[in-house]
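Engineer:
See below:
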């Protein structure tokens, strides 16, 4: 470890000291900080969020935890949803998939708790191994894929929009790598660009740090970026699909402009 690295660790920073927008930055994700469409994802840990302040600070979108498994609702979901909607920030809900209950039960729970809001972003299915959960079940790849497809289908029917898949490196490697999905992908990669960690899987959203700092939010928050420019973003908002996939997906009845 170099003297500079030791100094950074001593000051509480990452590879280098804290910078605006991140408490522990990593130089390998610097490109994400310069991209125009920035966002966050939040759950109960962020508590009461001032969405107008975050929006004024340059945050374009928020994904918020809604449900987990078959019986958990994030205690801040409903207030986050209303506050984000009122602020005019693009907002969407995510479901954290668990592996100890049926996909049909989880789908029913999501449908029961997440509003049908045509103005919202597409829903997100969060796919990870439940390493910090009381659920220790780890299905084989075929079983996991079957559950995933049941959940994605139910979420799409409920919202009318093609869900986004969020995942991390371990789950992608074990289950998703090499598997085709029409869905947009949101990839976690905090120490490298996503193509370096996900076998060149195309991505629409990139979660590039978990130690972000944003005006209006107490403590640290996950920061994310959309792949494209302002025009691409507006097309995404209008259709709910990655603009690069619209031509291929519209013949299936998806990605039609919002009415």
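Residue numbers (the numbering used here): 29 to 287. We treat Cβ as the ideally placed atom computed from N, Cα and C, and that holds for glycine. Quantities reported herein were computed from a predicted structural model and do not represent experimental measurements.
Helix, strand or coil: how does DSSP classify residue 225 here?
Structural biologist: The residue labelled residue 225 in the question sits at position 197 within the chain shown. Helix.
Engineer: Check whether the Cβ atoms of residue 122 and residue 93 sit closer than 7 Å, and answer yes or no.
Structural biologist: Position 94 of the chain shown, counted from the first residue, corresponds to residue 122. Position 65 of the chain shown, counted from the first residue, corresponds to residue 93. Taking 7 Å as the Cβ cut-off, residue 122 and residue 93 qualify as a contacting pair.
Engineer: Assuming residue 234 contacts residue 215 under a Cβ cut-off of 8 Å, what Cβ separation, rounded to an integer in Å, is found between them?
Structural biologist: Here residue 234 refers to the residue found at position 206 when the chain shown is read from its first residue. Here residue 215 refers to the residue found at position 187 when the chain shown is read from its first residue. The Cβ separation is near 6 Å, so the contact holds.
Engineer: Start and end of the beta strand (DSSP E) containing residue 77?
Structural biologist: Position 49 of the chain shown, counted from the first residue, corresponds to residue 77. Here residue 77 belongs to no beta strand (DSSP E), and DSSP marks it neither H nor E.
Engineer: What separation, rounded to the nearest whole angstrom, lies between the Cα atoms of residue 107 and residue 208?
Structural biologist: On the chain shown, position 79 is the one that residue 107 refers to. On the chain shown, position 180 is the one that residue 208 refers to. Approximately 35 Å, taken between the alpha carbons.
Engineer: Report the CB separation of residue 169 from residue 196 in whole angstroms; it is logged as a contact under 8 Å.
Structural biologist: For the purposes of this step, residue 169 is taken as residue 141 along the chain shown, with counting starting at 1. For the purposes of this step, residue 196 is taken as residue 168 along the chain shown, with counting starting at 1. Wrong, their Cβ atoms sit about 16 Å apart, outside the cutoff.
Engineer: Could you tell me the alpha carbon to alpha carbon distance between residue 152 and residue 269, rounded to whole angstroms?
Structural biologist: For the purposes of this step, residue 152 is taken as residue 124 along the chain shown, with counting starting at 1. For the purposes of this step, residue 269 is taken as residue 241 along the chain shown, with counting starting at 1. Rounded to whole angstroms, residue 152 to residue 269 spans 13 Å at the Cα level.
Engineer: If we ignore side chains and look at the alpha-carbon of each, how far apart do residue 63 and residue 225 end up?
Structural biologist: Numbered from 1 along the chain shown, position 35 holds the residue referred to as residue 63. Numbered from 1 along the chain shown, position 197 holds the residue referred to as residue 225. Each residue's Cα considered, the two are about 20 Å apart.
Engineer: By Cβ distance below 8 Å, which residues in the same chain neighbour residue 190 in space, the five residues on each side in sequence not counted?
Structural biologist: Sequence index remark: in the chain shown, residue 190 carries index 162 (1-based). Answer for residue 190: 150, 184, 210, 211, 212, 268, 269, 277, 282, 283, listed in chain order.
Engineer: Return yes when the Cβ of residue 51 is within less than 7 Å of the Cβ of residue 241, no when it is not.
Structural biologist: For the purposes of this step, residue 241 is taken as the residue at position 213 of the chain shown. For the purposes of this step, residue 51 is taken as the residue at position 23 of the chain shown. Yes; because the gap between Cβ atoms is below 7 Å, this pair is in contact.
Engineer: Using DSSP's beta-bridge definition, name the partner residues of residue 290.
Structural biologist: Residue numbering for the chain in the displayed model covers 29 to 287; residue 290 lies beyond these limits and cannot be assessed.
Engineer: Assuming residue 90 and residue 69 make a contact with CB atoms under 8 Å, what is their CB distance in whole Å?
Structural biologist: The residue given as residue 90 occupies position 62 in the chain shown. The residue given as residue 69 occupies position 41 in the chain shown. At roughly 7 Å, the Cβ-Cβ gap stays under 8 Å, so residue 90 and residue 69 are in contact.
Engineer: Which two residues bound the contiguous beta strand (DSSP E) that contains residue 92?
Structural biologist: The residue you call residue 92 lines up with position 64 of the chain shown. 87 to 96 is the span of the beta strand (DSSP E), which, as asked, contains residue 92.
Engineer: From the DSSP output, which residues share a beta bridge with residue 47?
Structural biologist: The residue given as residue 47 occupies position 19 in the chain shown. Per DSSP, 50.
Engineer: Excluding the five sequence neighbours on either side, which residues of its own chain have a C-beta within less than 7 Å of the C-beta of residue 60, listed in chain order?
Structural biologist: Stepping through the chain shown from its first residue, residue 60 is reached at position 32. If we look at residue 60 and ignore the five residues flanking it on each side, its Cβ neighbours are 234, 236, 253.
Engineer: Using only alpha-carbon positions, find the residue among 126, 238, 271 that is nearest to residue 218.
Structural biologist: Within the chain shown, numbered from 1, the residue matching residue 218 stands at position 190. Checked all of 126, 238, 271; the closest Cα to residue 218 is 238.
Engineer: With DSSP run on the structure shown, which of helix, strand or coil describes residue 68?
Structural biologist: Taking the first residue of the chain shown as position 1, residue 68 is located at position 40. Looking at residue 68 - three-state DSSP - the assignment turns out to be strand.
Engineer: Span of the alpha helix (DSSP H) holding residue 57?
Structural biologist: In the chain shown, the residue the question calls residue 57 occupies position 29. First-last for residue 57: undefined, no H or E at that position.
Engineer: Is the beta carbon of residue 163 sitting closer than 7 Å to the one on residue 126?
Structural biologist: Within the chain shown, the letter at position 135 stands for residue 163. Within the chain shown, the letter at position 98 stands for residue 126. Yes, the pair counts as a contact, with Cβ atoms nearer than the cut-off.
Engineer: Have a look at 187, 198, 176 and flag the residue whose alpha-carbon is nearest the alpha-carbon of residue 147.
Structural biologist: Residue numbering aside, residue 147 sits at position 119 when the chain shown is read from its first letter. Checking every option, the nearest Cα to that of residue 147 belongs to 187.
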